[in-house]
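**Q** Questions regarding the structure given below will be posed in turn.
2 protein chains.
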Amino acid sequence: MKAPASLRDDSHAPPSTLATDTALAPKRPRGRPRKTALELDDGNRRQDLITASAKLFRKQGFDATSTRDIAAAVGMHSGSPFYHFKSKDALLFAVMEAGMHTALARQAQALAALPASASSVDTMRSLIRAHYETLLGPGNDFVPVMLYEHRALSARQRTDLARLQTDYEAAWTPVLQRLHDSGQLGAPVKLARLLILGALNWSVQWFDRKKGASLDELTSACIALFLKDKA
Amino acid sequence: MKAPASLRDDSHAPPSTLATDTALAPKRPRGRPRKTALELDDGNRRQDLITASAKLFRKQGFDATSTRDIAAAVGMHSGSPFYHFKSKDALLFAVMEAGMHTALARQAQALAALPASASSVDTMRSLIRAHYETLLGPGNDFVPVMLYEHRALSARQRTDLARLQTDYEAAWTPVLQRLHDSGQLGAPVKLARLLILGALNWSVQWFDRKKGASLDELTSACIALFLKDKA
DNA sequence: CCTACCGATCGGTAGG
DNA sequence: CCTACCGATCGGTAGG
Chain A
1 MKAPASLRDD SHAPPSTLAT DTALAPKRPR GRPRKTALEL DDGNRRQDLI
51 TASAKLFRKQ GFDATSTRDI AAAVGMHSGS PFYHFKSKDA LLFAVMEAGM
101 HTALARQAQA LAALPASASS VDTMRSLIRA HYETLLGPGN DFVPVMLYEH
151 RALSARQRTD LARLQTDYEA AWTPVLQRLH DSGQLGAPVK LARLLILGAL
201 NWSVQWFDRK KGASLDELTS ACIALFLKDK A
Chain B
1 MKAPASLRDD SHAPPSTLAT DTALAPKRPR GRPRKTALEL DDGNRRQDLI
51 TASAKLFRKQ GFDATSTRDI AAAVGMHSGS PFYHFKSKDA LLFAVMEAGM
101 HTALARQAQA LAALPASASS VDTMRSLIRA HYETLLGPGN DFVPVMLYEH
151 RALSARQRTD LARLQTDYEA AWTPVLQRLH DSGQLGAPVK LARLLILGAL
201 NWSVQWFDRK KGASLDELTS ACIALFLKDK A
């Protein structure tokens, strides 16, 4: 029953690069990966598996994607993903966790880039734009998978993710509060946050990069829809 | 390969009662269903299967629900659902189609109940409230299943459903247009519709009937968030 | 990471 | 609608 000792870890591997979400899967060299100076060239393969899983989970759904599909996508044989991850579930969790890390990083970066003179509306616009990038940016499959495969997680995994999600949502509250105080936000802050994030998250269902509005246009429409002019 | 002749139909059975979505699954009498005056007491069993499937699909997801789960839920043996539906897919489609029919009926009823003096805001409120009822009303699992299991449908099934969905969404357009013309809706009508319906649809993910806001409070928050005061 | 494999489950069907 | 069953697939593992 016990898994043999190996490189694989069940969950909390630090994402080797926060921005890998955006990158497409590397061309997957078919030959034996040449060993680096270090004794193990892991990490790359783990990332490959995570990236390929994200793409497949998003396109086909978690249940409809077999671990054989994933193995094939990175040029492994059927049993090999289990050398890196102890279960299909652990792979799903790794995708979601990496997605939340990139989302949080992108959000923090967007806020840090704001000038000191930024208004509440500017801040709001920046949060919305960053969120759209996380959801709809090219190759960004991680967070969409998280949003639509939440059900497949275990209770433990859900709890672990919840902390990151709470952090992410918390960043919206002070801005919404200020907008509410100034009369530019018409609904209670908590409900407004749920409704606004819902409107954004749902865009995954209908947004088409190849036609229709751009992410900037979407962002503008949100500002126009959700916020009132300052009295 | 050909299915034996039977009562089952692949898709377009008229929902025997539009309102069955709201009803909980009948207590499923364990004994042999007594034959009615008619030669066949089908219909009831079909409805039972649809209702039980909706509940299971919503709770566990389509892929994670086996046809054996469904059979057990209505007191049948494993192969029997296939007497009524030619495939698991056909059952899913039946759930979604019935859901859209009740949604359309509820929407039409809400609009019909408005007094002639109703303002655009009143109409909007009524549409939102009816939508929340469809999504979050007790026992209303059909439309949530449709929203979250869309991927499992075949192209053909998707096309068939799309017509109903287009009708449903179309009812919002004239109201949004009027609100836009009067300056009460700040975003372009088409994007506003997508964003607003997204905000509503996402509520399935977080709404808890046992705590938090009521459907009326939710509706009020939407009006406050999405609409500006008339100039 | 590959090879070879297992036990379980699943959608679906024949035949009554 | 039940009985009995099939072929396929799937997650996962031992052993190297």
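Protein chains in written order, with full-length UniProt numbering: chain A, 1 to 231; chain B, 1 to 231.
In this text, a Cβ means the ideal position worked out from N, Cα and C, and glycines have one as well.
Less than 9 Å between the beta carbons of Y168 (chain B) and L104 (chain B), yes or no?
**A** Judged by their CB atoms, Y168 (chain B) and L104 (chain B) are nearer to each other than the 9 Å cut-off.
**Q** Which one of A:R58, A:Q47, A:K228 has the shortest CA to CA distance from D141 (chain A)?
**A** A:R58
**Q** Determine the extent of the alpha helix (DSSP H) in which E149 (chain A) is found, giving its start and end residues.
**A** Per DSSP, E149 (chain A) belongs to no alpha helix (DSSP H) and is neither H nor E.
**Q** By the 10 Å Cβ neighbour count, where 16 or more other Cβ atoms means buried, how is P81 (chain B) classified, buried or exposed?
**A** buried
**Q** Does S203 (chain B) come within less than 9 Å of chain A when only Cβ atoms are used?
**A** Interface residue, yes.
**Q** With 9 Å set as the bound, which would you pick, yes or no: does the beta-carbon of L218 (chain B) sit closer than that to a beta-carbon of chain A?
**A** yes
**Q** Output yes if chain A places a C-beta closer than 9 Å to the C-beta of K228 (chain B); else output no.
**A** yes
**Q** Starting from the beta carbon of A221 (chain B), find every residue of chain A whose beta carbon is closer than 8 Å, and list them in chain order.
**A** A187, P188, L191, A192, L195
**Q** Report the rounded CA-to-CA distance for Q177 (chain B) versus A170 (chain B), giving the unit in angstroms.
**A** 11 Å
**Q** Roughly how many angstroms lie between the CA atoms of L225 (chain B) and A199 (chain B), to the nearest whole one?
**A** 11 Å
**Q** Report the rounded CA-to-CA distance for W206 (chain B) versus M124 (chain B), giving the unit in angstroms.
**A** 23 Å
**Q** Are the C-beta of G99 (chain B) and some C-beta of chain A separated by less than 9 Å?
**A** no
**Q** Use the C-beta contact count for K88 (chain A): other C-beta atoms within 10 angstroms, 16 or more gives buried, fewer gives exposed.
**A** buried
**Q** Classify S214 (chain A): buried if its beta carbon has 16 or more other beta carbons within 10 angstroms, exposed otherwise.
**A** exposed
**Q** Measuring CA to CA, which of B:A64, B:Q107, B:S119, B:V143 is closest to A130 (chain B)?
**A** B:Q107
**Q** For the stretch 146-174 of chain B, which residues have a beta carbon sitting closer than 7 Å to at least one beta carbon of chain A?
**A** R151
**Q** Just to confirm the assignment, what range does the alpha helix (DSSP H) spanning L215 (chain A) have?
**A** 215-226
**Q** Can you find a C-beta in chain A that's less than 9 Å from the C-beta of L136 (chain B)?
**A** no
**Q** On the three-state DSSP scale, how would you describe L195 (chain B)?
**A** Under the three-state reduction of DSSP output, L195 (chain B) falls in the helix class.
**Q** Determine, for Q60 (chain B), whether the minimum Cβ-Cβ distance to residues of chain A falls below 9 Å.
**A** yes
**Q** Taking a Cβ distance cut-off of 8 Å, strictly less, list which residues of the stretch 105-135 of chain B are near chain A, in chain order.
**A** none
**Q** Below 8 Å, how does it come out for the stretch 84-101 of chain A and the stretch 149-160 of chain A: are there three or more Cβ pairs, yes or no?
**A** yes
**Q** At a Cβ threshold of 9 Å, is A72 (chain B) touching chain A?
**A** no
**Q** Quick one: does L91 (chain A) have its CB under 9 Å from some CB of chain B?
**A** No, because no Cβ of chain B sits closer than 9 Å to the Cβ of L91 (chain A).
**Q** On a Cα-Cα basis, can you pick out the residue from A:G186, A:D216, A:L136, A:H101 that is closest to A162 (chain A)?
**A** A:H101
**Q** In angstroms with no decimal places, state the Cα-to-Cα distance between L56 (chain A) and K86 (chain A).
**A** 19 Å
**Q** Would you tell me roughly how many angstroms separate the C-alpha atoms of A187 (chain B) and P115 (chain A), rounded to the nearest one?
**A** Between the alpha carbons of A187 (chain B) and P115 (chain A) lies a gap of roughly 27 Å.
**Q** Measure how close the beta-carbons of R45 (chain B) and H84 (chain B) come, nearest whole angstrom, since I'm counting them as under 8 Å.
**A** 6 Å
**Q** Where A23 (chain A) and G75 (chain A) are concerned, what is the direct C-alpha to C-alpha distance, given to the nearest angstrom?
**A** Residue confidence for A23 (chain A) is low, a pLDDT of 40 falling below 50, so the modelled location carries little weight and cannot support an answer.
**Q** Looking only at its own chain, which residues have a Cβ that is under 8 Å from the Cβ of L197 (chain A), when we skip the five neighbours before and after it?
**A** H131, E169, W172
**Q** Please classify L91 (chain A): does DSSP put it in a helix, a strand, or coil?
**A** helix
**Q** Report the option in A:Q60, A:F62, A:G137 whose CA atom is closest to the CA atom of K210 (chain A).
**A** A:G137
**Q** Output yes if chain B places a C-beta closer than 9 Å to the C-beta of L215 (chain A); else output no.
**A** no
**Q** Helix or strand or just coil, what does DSSP make of L114 (chain B)?
**A** coil
**Q** Which chain B residues are close to L225 (chain A), counting only those with a beta carbon under 8 Å from its beta carbon?
**A** Neighbours of L225 (chain A) on chain B, chain order: L185, G186, A187, L191, A192, L195, I196, F226.
**Q** Should D63 (chain A) be flagged as near chain B, meaning a C-beta pair shorter than 9 Å?
**A** True, the Cβ-Cβ gap to chain B drops below 9 Å.
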